[in-house]
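Remarks on the structure that follows.
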Amino acid sequence: MVKSRFIYRFLKLNFGLAIYGAGLGMMVHAGIGIPPWDVLAQGLSLQTSLSFGQATIAVSLIVMLFWIPLRVRPGIGSVLNAILVGLFADITLPLLPDFDLYWQNLLLFIGGLLVISFATGLYISCGFGKGPRDGLMMGLAQKFNQPFWITRTSVEIIVVTIGFLLGGQVREGTLIFALSIGYLNQLAMRLFGLADKSGRV
Numbered sequence: 002m003v004k005s006r007f008i009y010r011f012l013k014l015n016f017g018l019a020i021y022g023a024g025l026g027m028m029v030h031a032g033i034g035i036p037p038w039d040v041l042a043q044g045l046s047l048q049t050s051l052s053f054g055q056a057t058i059a060v061s062l063i064v065m066l067f068w069i070p071l072r073v074r075p076g077i078g079s080v081l082n083a084i085l086v087g088l089f090a091d092i093t094l095p096l097l098p099d100f101d102l103y104w105q106n107l108l109l110f111i112g113g114l115l116v117i118s119f120a121t122g123l124y125i126s127c128g129f130g131k132g133p134r135d136g137l138m139m140g141l142a143q144k145f146n147q148p149f150w151i152t153r154t155s156v157e158i159i160v161v162t163i164g165f166l167l168g169g170q171v172r173e174g175t176l177i178f179a180l181s182i183g184y185l186n187q188l189a190m191r192l193f194g195l196a197d198k199s200g201r202v
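So the sequence shown is numbered by my numbering: it starts at 2 and just counts up by one.
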């Protein structure tokens with residue numbers, strides 16, 4: 002019974018990360034802006050030979066190196082998160098059609114945002130560890146004795162600035178994500194019975 006429960010949670014974890022990557026691919030393909038950390042990955046991709054997904058994986062793994070001095074412990078979900086999200090973003094991107102009209106790309110972006118929110122609740126409900134970025138920001142908040150929201154805001158401002166300078170796309174979609182992801186994640190948490198928790202993959 003315990004083994005079958007673990008297998009179920011593990012499969013749910015992988016499915017959640019896969020659809021998170023697909024949702025991220027939708028948002029990138031829409032071309033109207035992406036989340037702060039993904040602006041950094043996109044900028045890195047534009048300045049190197051890495052694909053967007055590979056750059057996402059690279060950023061995640063580098064972020065996890067900073068966990069070491071912060072004494073943040075990774076879980077199996079942390080490692081899989083670092084790899085699978087970028088992998089499935091790369092798989093999804095070439096499968097998506099190109100749209101000429103703005104409203105079509107806006108709908109694609111919103112669809113990706115909803116998929117990511119659902120995937121966040123699904124992934125976190127498995128209880129296999131923090132995502133790379135959340136682990137970093139929680140570790141920094143504890144290290145410097147600052148509220149999580151201040152740490153997250155400060156880090157994401159730095160990250161999106163670096164990404165923008167590297168050529169990453171900062172547009173209205175970035176603002177839409179910033180203003181809506183917290184509420185949408187909260188709804189997803191409630192859906193999976195995690196009303197008192199919050200976070201981002």
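Ideal Cβ placement from N, Cα and C applies to all residues, glycine included.
For residue i versus residue j, is the C-beta spacing smaller than 8 Å?
i, j, result
"S88", "N15", "One detail in the question is off: residue 88 reads as Leu in this sequence, not Ser. It is not a contact, given that the beta carbons lie outside the stated cut-off."
"G34", "G174", "yes"
"C127", "K4", "no"
"L18", "V60", "no"
"S164", "S79", "In the sequence as presented, Ser is not what sits at residue 164; that position holds Gly. Not closer than 8 Å, so no."
"L195", "I125", "yes"
"M2", "V73", "no"
In whole angstroms, what separates the C-alpha of residue i from that of residue j?
i, j, result
"K198", "V40", "Residue confidence for K198 is low, a pLDDT of 42 falling below 50, so the modelled location carries little weight and cannot support an answer."
"A189", "I111", "15 Å"
"L145", "L108", "Correcting the residue type first, residue 145 is Phe in the shown sequence and not Leu. Taking the straight line joining both Cα atoms gives about 40 Å."
"V64", "T154", "16 Å"
"Q43", "L71", "26 Å"
"I69", "D101", "46 Å"
"F1", "Q143", "Look at the range of the chain in this structure, 2 to 202, and you will see that residue 1 is not part of it."
"G130", "F178", "23 Å"
"L141", "F149", "8 Å"
"R172", "R6", "42 Å"
"R201", "W38", "For R201, the predicted model reports a pLDDT of 44, less than 50, meaning its position is unreliable and no value from the coordinates is stated."
"S181", "I58", "25 Å"
"P280", "F11", "Missing from the structure shown is residue 280; the chain here goes from 2 to 202 and no further."
"G168", "G183", "26 Å"
"A56", "L166", "16 Å"
"Y9", "I77", "14 Å"
"Q170", "Q187", "26 Å"
"F193", "Y103", "33 Å"
Report the residue from the options whose alpha carbon sits nearest the alpha carbon of residue i.
i, options, result
"A31", "A90, Q105 and R6", "Q105"
"D99", "M2, Q187, M28 and I20", "M28"
"R134", "T152, S126 and Q147", "T152"
"G26", "F165, I182, M2 and G113", "G113"
"L123", "F165, G164 and R191", "R191"
"I84", "I182, Q187 and F53", "F53"
"I1", "R6, L115 and L62", "Residue numbering for the chain in the displayed model covers 2 to 202; residue 1 lies beyond these limits and cannot be assessed."
"P75", "G24, L176 and G132", "G132"
"L97", "Q147, P36, I8 and G24", "G24"
When you compare the CB of residue i with every CB in chain B, is at least one pair closer than 8 Å?
i, result
"G87", "No chain B appears in the structure shown, which is made up of a single protein chain."
> Does the count of Cβ pairs from the region 116-125 and the region 42-55 closer than 8 Å reach three?
Replying inline: No: fewer than three Cβ pairs fall under 8 Å.
> Does the region 90-102 come close enough to the region 147-165 to have 3 or more Cβ pairs within less than 8 Å?
Replying inline: These segments do not touch.
> For the region 136-171, which segments carrying the alpha helix (DSSP H) assignment without a break, of at least 4 residues, lie completely within its bounds, in sequence order?
Replying inline: As far as the region 136-171 is concerned, its whole alpha helix (DSSP H) runs of at least 4 residues are 149-166.
> For the region 101-142, which segments carrying the alpha helix (DSSP H) assignment without a break, of at least 4 residues, lie completely within its bounds, in sequence order?
Replying inline: Counting whole runs of 4 or more residues, the region 101-142 contains the alpha helix (DSSP H) stretches 103-125.
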